[in-house]
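Visitor:
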RNA sequence: CGCGGGAUGGAGAAGUGGUCAACUCGCUCGGCUCAUAACCAAGAGAACGGUGGUUCGAGUCCACCUCCCGCAACCA
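Residue numbers (our numbering): 6 to 694.
1. By DSSP's criteria, residue 251 is part of a beta bridge. Which residues make up the other side?
2. So, using beta-carbon positions, are residue 337 and residue 224 closer together than 8 Å?
3. Only counting the same chain, and skipping five residues up and downstream in sequence, which positions put a Cβ closer than 6 Å to that of residue 190?
4. Smallest Cα separation from residue 15: which of 653, 432 and 327?
5. For the putative contact between residue 493 and residue 271, defined by C-beta atoms under 8 Å, what is the C-beta separation to the nearest angstrom?
6. Across which residues does DSSP place residue 670 in a beta bridge pair?
7. Pair every Cβ in the region 247-257 with every Cβ in the region 52-65, then say whether three or more of these pairs are closer than 8 Å.
8. In whole angstroms, what is the alpha-carbon distance linking residue 214 and residue 312?
9. For residue 143, list the residues DSSP reports as bridge partners.
10. Just to confirm the assignment: which complete alpha helix (DSSP H) runs, minimum length 4, are found wholly within the region 53-114?
11. What whole-angstrom Cβ distance do residue 58 and residue 105 have, given they're in contact under 8 Å?
12. For the alpha helix (DSSP H) that contains residue 416, what are its first and last residues?
13. Is residue 461 helix, strand or coil when you go by DSSP?
14. For residue 696, does the three-state DSSP call read helix, strand or coil?
15. Measure the beta-carbon distance from residue 495 to residue 432 and round it to whole angstroms, keeping in mind my assumption that it falls under 8 Å.
16. Could you check if residue 672 is buried or exposed, using at least 16 other CB atoms within 10 Å of its CB as the buried criterion?
17. Excluding sequence positions up to five away, which residues of its chain have a Cβ less than 7 Å from the Cβ of residue 117?
18. Whose C-alpha, out of 93, 543 and 397, is nearest the C-alpha of residue 520?
19. Note the first and the last residue of the continuous beta strand (DSSP E) segment covering residue 303.
20. Taking the beta carbon of residue 526 as the centre, do at least 16 other beta carbons fall within 10 Å, making it buried, or is it exposed?
21. To the nearest angstrom, how far is it from the Cα of residue 469 to the Cα of residue 287?
22. Taking the alpha helix (DSSP H) that residue 48 belongs to, which residues open and close that run?
23. With distance defined between alpha-carbon atoms, name the residue in 40, 113, 234 and 348 nearest to residue 24.
24. From residue 670 to residue 571, what does the alpha carbon distance come to, in whole angstroms?
25. By the DSSP assignment, the alpha helix (DSSP H) with residue 486 in it spans what residues?
26. Going by beta-carbon coordinates alone, are residue 629 and residue 601 separated by less than 8 Å?
27. I'd like the list of long-range same chain contacts for residue 7, defined as Cβ closer than 8 Å, with 5 residues on each side in sequence excluded.
28. Mark residue 235 as exposed unless 16 or more other C-beta atoms lie within 10 angstroms of its C-beta, in which case mark it buried.
29. Quick one: what's residue 241 bridged to in DSSP?
30. Only counting the same chain, and skipping five residues up and downstream in sequence, which positions put a Cβ closer than 7 Å to that of residue 69?
31. Is residue 637 helix, strand or coil when you go by DSSP?
32. Would you decide whether residue 275 is buried or exposed? Buried here means 16 or more other CB atoms lie within 10 Å of its CB.
33. Determine the burial state of residue 283: buried for a count of at least 16 other Cβ atoms within 10 Å of its Cβ, exposed for fewer.
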């Protein structure tokens, strides 16, 4: 694929925003593929650096800080630590994971901006912009709400009305106000900002991307093309805000660098931090960002395409001296149980929670996310899928083959690698098959086809299972023990090959397998070879590589999601509209009373009905049937409670019983029912009014 | 509204003009028993989102349409 032979590779993974945790969508889209690729290159002994870090500027963290009553720094500290820790525990092998609030970054980004400014690469534009008349803060279109001029809906945004879909500008809104401070009036103030004139670089971008990088993924190429077919507008690189990197220009008080300006520079400043800390090992940062022999790769999600393919390259080009990305493998999005992943709705599987709920199952998640990777279209993660991939692939195919090989070796040869005898055609065929795997995996990885590459690695185990079944060493042992030596020798070499092939994908399992095989180290070039384990080498005690995941574990996760859904519904609950007014006489017609429940039981053959006996102050009391059985599993808990009931309801037969009235229940937001009761003890039969 | 990406058996997913639409999981039926009821073999199952067109021939090219996602707050 790559025509040029590069000396080294710089790999970046999108900087997660320090306003929440990392979830499976981030992992599947960016971090797992990036990590696979980097581990592969390292195993090939290539020079590679893997850069990550938290993006800690921008507006949302300031809003969160305000809401929680803590400082912005406290917010970003909290999430930075959390994200960093969970990446580590998950085995995302960043060479550095730093942050955009670091001193090095502030200075670097500031200098970068200043260079553009001094070279005259930025345009100064003064504009009237909306701001909150009370607080004075500037507002983006999206943070202005008002009444839609077309459909009259309330709560239309400054850029679009969600109700009718009309594209709007804030000027068109009726009664515009600050979304975060409803009611505050707006005014307009002139403000000066610095813009990057993208149009100036349009021809260069067209040549570089549309002509020279036709091999980029179609989603990336198509998105770039659609932008490049229009006239690119200047893009503001500064904002009126007090959180961020101050604009290093005279007269720019109260202005900071736009997050999208400073965040990608974080890739570079983090590299610098890494190199400064250990120059012997890492050399200079310039070597990773400015040397023509370095290949630059950005792993991102599809929403970041224009920033990484157009804006950041223009920033680097305008600055001068930087290399351009050689590829930007952007993934599509992952859904969760058929619903969009959403931070605000808490609809996600959070990495930090997964690591607690599913201890030592990092590789299972890595495997499933890769097997289901949203490489060409949005995909769906379901827990059932997760269980299936684990149980029928990792356990049944990979883990099982390894276990067969190790157990048989233990049984027949005390865990010592036997001598290889003369090869038969069945052996040679298996060996020939698994020699192809190396090339196939390499080709696929170089094309960023991780899903297929992993499947190809799994083929090794399939080959192994087929081979061992065909050779039946457990049978041959009885007649020809010498032959069993060769069979198991081949199986063990296959096992060692599996450890190598899966290292980029399943690093924890490969480490464990390497330990079981009692191997100190291995490298990619050994993949496909038949002498990784020498005869008479002692193996360690066999252990299972993967465990079956039981239904109960999956059900617990599904329940967790179900609870989230419930909580979301509760949050977005809106009461039913109030009914038409009635006069007092109408109300008076209803005779509502207090009753004491003296007995309560399920009505046979009915799913819904409970049969109450109520003390209503009369000698015999009355019987009332109520359709709330589904919400009171144990009817006994209602006995002794005072309830409100309509006493002058016309009696009605249900399931053969007569119901004399109606017990009042509240209908909860989710449709569940709750019997009403009194707050103090009241004599049965008392009037409610 | 516009622009970009996508829609292939129950699920994932190859395939860009021409052998029975590959492969993985699931399913059915055999076999095996070394192995975590794991393994191996065989089989069933897709008129390739819809309509129309180009062509000797289309999942593959063209037109129109439908649905999903992104570009547009949070966000991979």
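Backbone N, C-alpha and C fix where the C-beta goes; we use that ideal spot for every residue, glycine too.
Guide: The structure says:
1. Note: residue 251 sits in a beta bridge opposite 261.
2. Remark: C-beta atoms of residue 337 and residue 224 approach each other more closely than 8 Å.
3. The answer, listed in chain order, is 138.
4. With distances taken between Cα atoms, residue 15 lies closest to 327.
5. Incorrect: roughly 52 Å between the Cβ atoms, too far for contact.
6. 680.
7. Segments in contact, yes.
8. For residue 214 and residue 312, the gap between their C-alpha atoms comes out near 14 Å.
9. Beta-bridge analysis with DSSP links residue 143 to 136.
10. Taking 4 residues as the minimum length, the alpha helix (DSSP H) runs contained wholly in the region 53-114 are 64-73 and 77-95, in order along the chain.
11. The pair is a contact, with the Cβ atoms about 7 Å apart (cut-off 8 Å).
12. From DSSP, the alpha helix (DSSP H) with residue 416 extends over 405-418.
13. In the three-state scheme derived from DSSP, where H, G and I count as helix and E and B as strand, residue 461 is classed as helix.
14. This structure cannot speak to residue 696, because the chain is shown only from 6 to 694.
15. 6 Å between Cβ atoms; contact.
16. Counting Cβ neighbours within 10 Å, residue 672 comes out exposed, since fewer than 16 surround it.
17. Excluding its 5 nearest sequence neighbours in each direction, residue 117 has C-beta neighbours in its own chain below 7 Å: 270 and 324, listed in chain order.
18. Of 93, 543 and 397, the residue nearest in Cα terms is 543.
19. First-last of the beta strand (DSSP E) with residue 303: 299-306.
20. Residue 526 is exposed by the Cβ-count criterion.
21. Those two C-alpha atoms are separated by around 40 Å.
22. Its alpha helix (DSSP H) spans residues 37-48.
23. Of the residues 40, 113, 234 and 348, the one whose Cα lies closest to the Cα of residue 24 is 348.
24. Cα-Cα distance, rounded: 20 Å.
25. Run containing residue 486: 486-507, per the alpha helix (DSSP H) assignment.
26. Not a contact, by the Cβ cut-off of 8 Å.
27. The pLDDT assigned to residue 7 is 45, lower than 50, so where the model puts this residue is not dependable; a value taken from the coordinates is nonetheless given after this. Scanning its chain for C-beta atoms nearer than 8 Å, with the 5 sequence neighbours on each side dropped, one finds around residue 7 the residues 300, 331 and 451, in chain order.
28. Exposed, by the Cβ-count rule.
29. Residue 241 is bridged to 200.
30. Correct list, in chain order: 24 and 80.
31. In the three-state reduction of the DSSP assignment, residue 637 falls in the coil class, being assigned neither a helical nor a strand state.
32. Classification for residue 275: buried.
33. Looking at its Cβ environment, which holds fewer than 16 other Cβ atoms inside 10 Å, residue 283 is exposed.
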